[in-house]
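J.: I'd like to ask you about the structure that follows.
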Amino acid sequence: MVAKYYAKISGTGRYLPDKILNNHDLEKIVDTSDEWIKQRTGMWERHIASEDQASSDLAYNAAIKAIKAANLRTKDIDMIVVATISPDHPFPSTACILMKKLGLKNIPAFDLSAGCTGWIYAMDMARQYIENGIAKNVLTIGVEIVSKITNWKDRNTCVLFGDGAGAAIVSRAETKDISRIIDSEITADGTYYEYLIQPAGGSRNPASTNTIKENKHTVEMQGNKIFKLAIKSMYNACETVLKRNDLDVKSIHWLITHQANLRIIEALGKKLKIDSNKVIVNIEKYANTSSATIPIALDEAIRARKIRSGDLVLMASFGAGLTSGSILIRV
Ligand code: ACO
């Protein structure tokens, strides 16, 4: 379909809960060390939500900042897409709860589940709704409280995740705007769905005394099997949009990848042959906030005036599913 309009990011926001858990704190919980975590992942600390915070609370704080940055009123939002694997409840959607908090009604609002690639999926969807003229200002959110679905006895996973929310408003671009979403690409390969899974709580393994006893409501991951697939799938997603737009990687000002492991980020940068100064990394502060890593990093870099108007930014992610995707924007 030929696009009727162009889409752009008109504002971003982020929210990180106050509590910080560093690697030394984790040494007291499981058999791990600050040295192992830093060397193997690049993570130093992560933010953890309080007992009374749910994903919609984090999402709300990020959304308010994004709406303000876009110079919009809340009532200008005409669609909400929340990407999360840690919703407030299995149903209704966190998007509908967020909608109530924002005082909005009678617009589409839904969650999507695409693991850590969720926000890229949400952006791809928002872009289509803007380009075909159905929506004018779509609120997209990547939000997670993985700490509440973490097995705090499993050192293979509990050191890796953090909580947080990132938001971006996708708006219809005016003809005079240089800012726009140039392209996006999303895909998935279900062959490996078991590599990263929350095994119980759904219709396959409904909640029972046994599922709780066996800790089946928490994240299970075969990290080393995902490692190589992560680099390959993000590389492919980046190459696809670069080729489709006849762009050399040299023309990209910034690369923001999913923050799951510093070694993955560095290996991808090398494979893409992009200057390492152009690769945005914040994994040391927030660890892996799943669907929130990229919108958090994007907001942080824009507010720090590192990313500036006119810059070409390539973003790529992968995650549970296994899903992967990329998005190319001019800020
Ligand atoms: N502290 C100390 N030792 C540990 C820890 C820890 N926290 N975790 C694992 N180890 C040990 C293992 O037990 C193992 O010991 P052994 O050799 O005695 O058996 C050793 O370290 C090596 O384990 P590996 O799993 O091979 O370690 P690896 O170098 O692969 O690092 C990691 C593990 C960090 C998980 C890495 O594989 C990774 O980052 N994978 C990708 C994860 C990912 O990207 N997931 C998808 C995104 S998340 C989403 O979608 C929600």
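Throughout, this note's numbering is defined as the position within the sequence shown, counted from one, plus 8. Note that CB positions come from ideal geometry on N, CA and C, so glycine has one too. Please read these numbers as outputs of a predicted model, since none were measured by experiment.
(1) Per DSSP, Glu-152 forms a beta bridge with which residues?
(2) What are the uninterrupted segments assigned as alpha helix (DSSP H) that are 4 or more residues long and contained completely in the segment 224–267, given in chain order?
(3) Who are the near neighbours of Gly-19 in its chain, counting only those whose CB is closer than 6 angstroms to its CB and skipping five residues on each side?
(4) Measure how close the beta-carbons of Gly-174 and Asp-307 come, nearest whole angstrom, since I'm counting them as under 8 angstroms.
(5) Pairs of beta-carbons, one from the segment 159–166 and one from the segment 279–289, closer than 8 angstroms: are there three or more?
(6) Would a C-beta distance cut-off of 8 angstroms place Leu-237 and Tyr-200 closer than the cut-off?
(7) Go ahead and pull the three-state DSSP assignment for Ser-187.
(8) By Cβ distance, which residues of its chain are closer than 6 angstroms to Ala-62, with the 5 residues on each side in sequence left out?
(9) Considering only residues of the same chain and omitting the five flanking positions on each side of Ala-196, which have a CB-CB separation below 6 angstroms?
(10) Are Ala-15 and Ala-181 closer than 8 angstroms when you measure CB to CB?
(11) Is Ser-241 close to the ligand ACO? I mean its beta-carbon at under 7 angstroms from any heavy atom of the ligand.
(12) Let's see if you can read the secondary structure: which residues bound the beta strand (DSSP E) around Ala-15?
(13) Does DSSP put His-97 in a helix, a strand or coil?
(14) Return yes when the Cβ of Ile-128 is within less than 8 angstroms of the Cβ of Arg-338, no when it is not.
(15) When we look at the beta-carbon of Ser-211 and count the other beta-carbons within 10 Å, is it buried (16 or more) or exposed?
(16) Check whether the segment 141–155 and the segment 78–95 touch, using three or more Cβ-Cβ pairs below 8 angstroms as the test.
(17) From Leu-66 to Gly-172, what distance separates their C-alpha atoms?
(18) Identify whether Ile-85 lies in helix, strand or coil by the three-state DSSP scheme.
(19) Can you give the beta carbon distance from Val-227 to Val-154, rounded, assuming they're within the 8 angstroms contact cut?
(20) Put Glu-292 into one of helix, strand or coil per three-state DSSP.
(21) Thinking His-261 and Asp-191 are a contact (beta carbons under 8 angstroms), I'd like their distance in whole angstroms, please.
(22) How about His-55 and Tyr-243: are their beta carbons less than 8 angstroms apart?
(23) At a cut-off of 7 angstroms, would you count Asn-69 as near the ligand ACO, judging by its Cβ distance to the nearest heavy atom?
(24) Quick one: what does DSSP say Asn-164 is sitting in, helix, strand or coil?
(25) Are Ile-157 and Leu-204 closer than 8 angstroms when you measure CB to CB?
(26) Hey, how far is the Cα of Gly-141 from the Cα of Tyr-13?
(27) Check each candidate in Glu-53, Tyr-23, Leu-110 and Arg-22 and name the one with the smallest Cα separation from Glu-35.
(28) Compute the beta-carbon to beta-carbon distance between Val-89 and Ala-134, rounded to the nearest angstrom, for a pair I have assumed lies under 8 angstroms.
(29) Could you tell me the distance, in whole angstroms, from the CA atom of Ala-117 to the CA atom of Ala-103?
(30) What three-state label does DSSP hand Ile-105 in the structure shown?
(31) Please state the DSSP three-state secondary structure of Leu-29.
T.: According to the data block:
(1) Gly-172
(2) 231–252
(3) Ala-74, Ala-77, Ala-78 and Ile-177
(4) 6 angstroms
(5) no
(6) yes
(7) coil
(8) Asp-96
(9) Gly-329 and Thr-331
(10) yes
(11) no
(12) 15–23
(13) coil
(14) no
(15) exposed
(16) yes
(17) 7 angstroms
(18) coil
(19) 7 angstroms
(20) helix
(21) The pair is not a contact, with the Cβ atoms about 16 angstroms apart (cut-off 8 angstroms).
(22) no
(23) no
(24) helix
(25) no
(26) 7 angstroms
(27) Glu-53
(28) 6 angstroms
(29) 5 angstroms
(30) helix
(31) strand
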